[in-house]
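Inspection log for the structure reproduced underneath, given as structure tokens.
Protein chains: 2
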Amino acid sequence: MPQAINSGLHPMYELFFENINKKVALTEADKAVIKTYLTPKKVRRKQYLLQEGDVCKNIIFVEKGALREYSLDESGREHILQFALEGWAISDLYSFLTGEPATYAIDAIEDSELVLIGKSAHEELLVKCRAYETFTRLNITGAYLAMQKRLTSTTSASLEERYEAFVALYPHIAERVPQHMIASYLGLTPETLSRVRKRISQNK
Amino acid sequence: MPQAINSGLHPMYELFFENINKKVALTEADKAVIKTYLTPKKVRRKQYLLQEGDVCKNIIFVEKGALREYSLDESGREHILQFALEGWAISDLYSFLTGEPATYAIDAIEDSELVLIGKSAHEELLVKCRAYETFTRLNITGAYLAMQKRLTSTTSASLEERYEAFVALYPHIAERVPQHMIASYLGLTPETLSRVRKRISQNK
DNA sequence: CGATGCCTTGACGAATGTCAAACCGAGTGG
DNA sequence: CCACTCGGTTTGACATTCGTCAAGGCATCG
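First to last, the protein sequences are chains A and B. Counting from 1, one number per residue, gives the positions in the first sequence under the UniProt record's numbering. Counting from 1, one number per residue, gives the positions in the second sequence under the UniProt record's numbering.
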């Protein structure tokens, strides 16, 4: 019953390693070392992985499912900072690195299967395993560039352009996630996004 | 005449190394290796370091002076992505890393003294010198966190809060840079920023 | 002294948010 | 099988905020 073994006692972390391997070459030894630091976790829809005010203890990698990270403003409104589908990592990085209380919350949009990397694990891996450090560097660089693009589009593009760019860039998110969350990600109200979509469909 | 030697034939890159040393411990050997890859450059106010459409060939570190990086939208309006004062690095990172034409321009707000790191230099240093890779990782992580904060404040905070947070975080920029550029950085028109400042001063 | 760049002020219009209601489809229980 | 509920989306009327355009003021520098 290899299936039972894989998903239970000896998780394989397949997507996780596939993801690393896209960016750096891992030896089997590296892989074995890294594996010892990982913790699998399953969560239900709507379950919190991190609440505002708690310290973020993990970097969370999504093997299956969908998560979101968001902040709450003074009026209690949610502002989504990031989605994470299969193959993505998510964390309140500032809280994770500094130990300060988190300013963001993370919860599950769907039932999900995750891989957790704790802080001491992360720190040790950075030192012990150069491939892990390189992977981390490349990962954060990619995240930085993506966010830079997002910031630029916020100030330079029309709502129509921004929404269409989002759908083009993340078609799977647009399919799976309710629209009011996409509105939140784009910094709009659900009503405005609805009207934007209407305008787009009319101009075709 | 040590002064003449320092600034001319044998630049010292003092601020540059001080900056690295804040994040990682550099051996003298590291330092010597890195030095061989650096190029000093002086520019005048308004001079371009990068124009939209050109490939970005360097990471630019500011020893003295002030630079800005900005994009142009369809209407020709400038949107400032980043300032760089003494001790800061700036680049169109996407263009630098991929070799694609730059989508941002960089120019000097004041006469400036710079240190350039070319692409092959950067790549070799990443491999040859682990301290340099670690520095790069920490640097980009800091830039990522700062941008994340900026993005969040864009969607969650009032204009007053955003302007005051900017001044609190970057007092030296607020002092030295014309206000219409700060407006551009914040994503506002100069008129609106002027009114925001007026409202702030009235509520005191 | 006149030009220039930058900041401010005012009047106005357009875009987006707000609030309320209606709609729609999926799942649930009668 | 139908009616109901619930979350999510759409629509409408209205208020607010910010951008636009135009003018004026003020300092700096030739």
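Cβ coordinates follow ideal geometry from the N, Cα and C atoms, glycine included. These numbers come from a predicted model, not from an experiment.
Quick check: the Cα distance between residue i and residue j, rounded to an integer number of angstroms?
| i | j | result |
| --- | --- | --- |
| Val55/B | Ala131/B | 27 angstroms |
| Ser95/A | Met12/A | 28 angstroms |
| Arg195/A | Tyr163/A | 11 angstroms |
| Asn6/B | Glu113/B | Residue confidence is low: Asn6/B scores 45 on pLDDT, short of 50, so the model does not pin down where it sits. No coordinate-derived value is stated. |
| Ala66/A | Phe83/A | 7 angstroms |
| Gly99/B | Asn58/A | 34 angstroms |
| Arg197/B | Glu86/B | 26 angstroms |
| Cys129/A | Glu161/B | 42 angstroms |
| Leu193/B | Ala183/B | 6 angstroms |
| Pro190/B | Arg77/B | 12 angstroms |
| Lys119/A | Ser91/A | 11 angstroms |
| Val33/A | Phe17/A | 12 angstroms |
| Val115/B | Asp107/B | 14 angstroms |
| Ile117/A | Thr134/A | 16 angstroms |
| Leu38/A | His122/A | 10 angstroms |
| Ile80/B | Ser71/B | 7 angstroms |
| Ala4/A | Glu28/A | Only weak support exists for where Ala4/A lies, its pLDDT of 42 falling under 50; the value from the coordinates is given anyway. Cα to Cα, Ala4/A sits roughly 23 angstroms from Glu28/A. |
| Ala174/B | Val167/B | 6 angstroms |
| Gln148/A | Lys35/A | 32 angstroms |
| Arg68/B | Ala25/B | 29 angstroms |
| Asp30/A | Asp30/B | 26 angstroms |
| Lys64/B | His180/B | 22 angstroms |
| Val127/A | Thr136/A | 12 angstroms |
| Asp73/B | Gly187/B | 12 angstroms |
| Arg45/A | Ala165/B | 36 angstroms |
| Tyr48/A | Phe61/B | 41 angstroms |
| Thr103/B | Ser156/B | 27 angstroms |
| Gln51/B | His172/B | 26 angstroms |
| Leu138/B | Lys23/B | 7 angstroms |
| Ser199/A | Ser158/A | In the sequence as presented, Ser is not what sits at residue 199/A; that position holds Arg. Cα to Cα, Arg199/A sits roughly 12 angstroms from Ser158/A. |
| Ala105/B | Ala89/A | 31 angstroms |
| Glu124/A | Gln202/B | 52 angstroms |
| Pro101/B | Arg150/A | 18 angstroms |
| Leu15/B | Asn21/B | 10 angstroms |
| Tyr185/A | Gly53/B | 29 angstroms |
| Met1/A | Pro40/A | Note that Met1/A scores 40 on pLDDT, short of 50, meaning its location in the model is unreliable and no value can be drawn from it. |
Could you work out which residues of chain A lie near residue i, taking near to mean beta carbons separated by less than 8 angstroms?
| i | result |
| --- | --- |
| Gly187/B | Thr154 and Thr155 |
| Ile140/B | Arg137, Ile140, Thr141 and Tyr144 |
| His122/B | Neighbours of His122/B on chain A: none; closest Cβ ~12 angstroms, over 8 angstroms. |
| Thr79/B | Checking the sequence shown, residue 79/B turns out to be His, not Thr. Simply Thr152, Thr155 and Ser156. |
| Met147/B | Tyr144, Met147, Gln148 and Leu151 |
Going by DSSP, name the residue or residues bridged to residue i.
| i | result |
| --- | --- |
| Ile117/B | Leu38/B and Ile59/B |
| Ile80/A | Tyr70/A |
| Ile90/B | Ile60/B |
| Pro11/B | Per DSSP, none; premise fails for Pro11/B. |
| Val43/B | Ser112/B |
Give the range of the beta strand (DSSP E) segment to which residue i is assigned.
| i | result |
| --- | --- |
| Ser71/B | Leu67 to Leu72 |
| Ala105/A | Ala105 to Ala108 |
| Glu49/A | One point to set straight first is that residue 49/A is Leu, not Glu, in the sequence displayed. Unbroken beta strand (DSSP E) run through Leu49/A: Tyr48 to Leu50. |
Can you list the residues of chain B that residue i reaches, using a CB-CB cut of under 9 angstroms?
| i | result |
| --- | --- |
| Thr134/A | Leu126, Glu133 and Arg137 |
The alpha helix (DSSP H) that contains residue i, what's its start and end?
| i | result |
| --- | --- |
| Thr154/A | Arg130 to Ser156 |
| residue 206/B | Since the first residue of chain B shown is 1 and the last is 204, residue 206/B is not available in this structure. |
| His172/B | Pro171 to Arg176 |
| Ala25/B | Segment: none, Ala25/B is in no alpha helix (DSSP H) and carries neither H nor E. |
| Leu85/A | Looking at the DSSP string, Leu85/A is not in any alpha helix (DSSP H), and its letter there is neither H nor E. |
| Ala183/A | Gln179 to Leu186 |
Run through chain B and tell me which residues come within less than 7 angstroms of residue i, C-beta to C-beta.
| i | result |
| --- | --- |
| Tyr170/A | The contacting residues do not exist; Tyr170/A stays about 16 angstroms from chain B at best. |
| Ser71/A | Thr152 and Ser156 |
For the putative contact between residue i and residue j, defined by C-beta atoms under 8 angstroms, what is the C-beta separation to the nearest angstrom?
| i | j | result |
| --- | --- | --- |
| Tyr144/A | Ala143/B | 6 angstroms |
| Thr141/B | Ile140/A | 5 angstroms |
| Val43/A | Ile109/A | Going by Cβ atoms, the distance from Val43/A to Ile109/A rounds to 11 angstroms, so no, they are not a contact pair. |
What residues from chain A crowd round residue i, counting only those whose CB sits closer than 9 angstroms?
| i | result |
| --- | --- |
| Tyr94/B | Leu145, Gln148 and Lys149 |
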